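Residue numbering for the sequence shown follows the working numbering, beginning at 25 and increasing consecutively.
All residues carry an ideal CB built from backbone N, CA and C; glycine is no exception.
Every value quoted in this text rests on a predicted model; they were computed, and no experiment measured them.
Notes follow the structure.
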Amino acid sequence: MLRSRGNLDALAALLDDLPLRVFAHNVECVPRLDSVVRDPRASFEQSLTVLREARRLRPDIRIKSSIMVGLGETDEEVTQAMRMLREAGVSMITLGQYLQPGDRHLPVDRFPEPAQFQRWDRDAREMGFDAVASGPLVRSSYRAGLLWEESHGGQPVLLGGQA
């Protein structure tokens, strides 16, 4: 488990040796769905620990995470997960629609309307995220260069259909 000092020391060694600008670690889903969506060896709380520790160890870099929606979460659970990420020191976030890659994978539970992705975008910015990409077709590395520029005061990342 990551809470052990050895694993946190390994994270520290990794961050110390790499010339990073961004450290990305995806939470994937809201906490309630961990046991359904994620590998049993991982959890939302464990990911928050990684993200907090990365922020503490490297205050000079941007910390990024991603959430997939459409797995059974509520809109409020997504917003709460975003708050938790922001409180952990995450400054860049992507939110995108989960798409079932094959028959052996979880089915899509819902397709939030594009307007909901826009609300999450607005909410994330109000929470203080430096860079946000939120839309049905957004993936965790969606327009990474533009997201990086936005995090440094550039223009917001525009998605298809936005003006």
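Among the residues of its own chain, which have a CB less than 7 Å from the CB of residue i, if the five just before and after it don't count?
{"i": "residue 71", "result": "49 and 51"}
{"i": "residue 57", "result": "95, 96 and 97"}
{"i": "residue 171", "result": "116, 155, 157 and 181"}
On the DSSP bridge assignment, give the partners of residue i in chain order.
{"i": "residue 156", "result": "117"}
{"i": "residue 59", "result": "Residue 59 is not bridged to any residue."}
{"i": "residue 52", "result": "91"}
Let me confirm a value: residue i is counted as buried when at least 16 other C-beta atoms fall within 10 Å, else exposed. Which label applies?
{"i": "residue 59", "result": "exposed"}
{"i": "residue 84", "result": "exposed"}
{"i": "residue 159", "result": "buried"}
{"i": "residue 148", "result": "buried"}
{"i": "residue 105", "result": "buried"}
{"i": "residue 111", "result": "exposed"}
Reducing DSSP to helix, strand and coil, say where residue i ends up.
{"i": "residue 86", "result": "strand"}
{"i": "residue 132", "result": "coil"}
{"i": "residue 66", "result": "coil"}
{"i": "residue 46", "result": "strand"}
{"i": "residue 102", "result": "helix"}
{"i": "residue 161", "result": "coil"}
Roughly how far, in whole angstroms, is the beta-carbon of residue i from the beta-carbon of residue j, given that I think they are within contact range, below 8 Å?
{"i": "residue 144", "j": "residue 119", "result": "5 Å"}
{"i": "residue 113", "j": "residue 75", "result": "6 Å"}
{"i": "residue 135", "j": "residue 121", "result": "6 Å"}
For chain C, find out if any of its Cβ atoms is closer than 9 Å to the Cβ of residue i; answer yes or no.
{"i": "residue 54", "result": "In the displayed structure, chain C is absent; only one protein chain is listed."}
Can you give me the Cβ contacts of residue i inside the same chain, cut-off strictly under 8 Å, excluding the 5 residues immediately before and after it?
{"i": "residue 25", "result": "Any reading at residue 25 needs caution, since the residue's pLDDT is 46, under 50, leaving its predicted position unreliable; the model's value is listed next. The answer, listed in chain order, is 31 and 70."}
{"i": "residue 36", "result": "77 and 81"}
Counting only the same chain and skipping the five closest in sequence on each side, list residues whose C-beta sits under 6 Å from that of residue i.
{"i": "residue 90", "result": "50, 118 and 164"}
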